[in-house]
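Just below is one structure, and these are the notes that go with it.
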Amino acid sequence: MNLLVVVGSVSNKSNNKKVANYIMNQYKDQYNFSTIDLLNVPIYNEDIETNPPAEVKEFITKIKEADGVIIVTPEYNHSIPGVLKNWLDWASRSGGVLTKKPVMIMGASSGNFGTIRAQMHLKQILASPGVKADLFTGKEIYIMTVQNLFDENNVLTDEKTAGRLEKAITAFAEYIESKK
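Numbering (my numbering), first residue to last: 23 to 202.
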């Protein structure tokens, strides 16, 4: 099964990158993972959407090849980061590549809300007419006080979080299989 992992942060110190890296390392024998570096995605411009830059064509191909997409987002000002919104704008204008594509969202924050507001906004975007993704619900992952869950080597040390991630990833894979 091919899974595309998109991290909504471009920071090298991103806690959400830590979560994404944990998932990709923990389940590398079960799934084929690919990623997109949102730092390389040019700003959406309607004037060039009919002939998009190579970076856009590359991530469109990755979306098409993926059986499902996992979006791991931080929360900025009660919403998603601009780089993630930019990526979604390109994807929504690129032939409906996310339409009916199984998408799972999760996020980590240092606060007590675990990106719940960002995920609410992201769900609205993913359900919008230009996107119409097949949003996987019921196993949402809101990781709170993430700074306490990884050690100095970026290893997830919290067994409860690891267990929640395992259940969610397994359920998402089963969901994808049920759609085939």
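Every residue, glycine too, gets a C-beta built ideally from N, C-alpha and C. On a predicted model such as this, the values are computed, not experimentally measured, just so you know.
Pair within 8 Å by beta-carbon distance, residue i and residue j
i    : j   : result
A155 : P96 : no
V125 : I93 : yes
L26  : A88 : yes
N108 : Y66 : yes
N24  : N43 : no
V105 : V41 : no
Sequence-distant residues of the same chain with beta carbon closer than 8 Å to residue i, five excluded per side
i    : result
T179 : L171, F172, D173
Same chain, Cβ closer than 7 Å to residue i, five either side skipped, listed in chain order
i    : result
I102 : G30, T95, A140, H143, L144
E77  : N62, V63, P64
T137 : T95, P96, E97, G129, A130, S131, Y164
Span of the alpha helix (DSSP H) around residue i
i    : result
M46  : 37-48
F194 : 181-201
F81  : 76-87
L144 : 138-149
N108 : 104-114
Among the options, the one whose alpha carbon lies nearest that of residue i
i    : options                : result
A113 : T137, N37, S131, P74   : P74
N38  : K79, E71, S150, M128   : M128
D111 : D89, F81, Y197, D51    : F81
K122 : V177, K35, D51, I198   : I198
I70  : R115, K202, Q52        : R115
T83  : T183, G117, E68        : G117
E162 : P151, N176, T183, N175 : T183
A190 : Y49, K86, V28, N34     : Y49
D213 : S36, T72, N134         : The requested residue 213 does not occur in the structure, where the chain is confined to residues 23 to 202.
Separation of residue j from residue i, as counted between CA atoms
i    : j    : result
V168 : A130 : 6 Å
T57  : I45  : 12 Å
E181 : E188 : 10 Å
Contact set for residue i: own chain, Cβ-Cβ below 6 Å, skip 5 residues either direction
i    : result
L120 : A113, V153, A155
G90  : L25, P124, I198
Residue span of the beta strand (DSSP E) that contains residue i, given as start and end
i    : result
N54  : 54-58
L26  : 24-29
K124 : Checking the displayed sequence, the identity of residue 124 turns out to be Pro instead of Lys. Unbroken beta strand (DSSP E) run through P124: 124-130.
G90  : 90-94
Residue i: CB within 7 Å of a non-hydrogen atom of the ligand ATP
i    : result
M142 : No copy of the ligand ATP appears in this structure; indeed no ligand is present at all.
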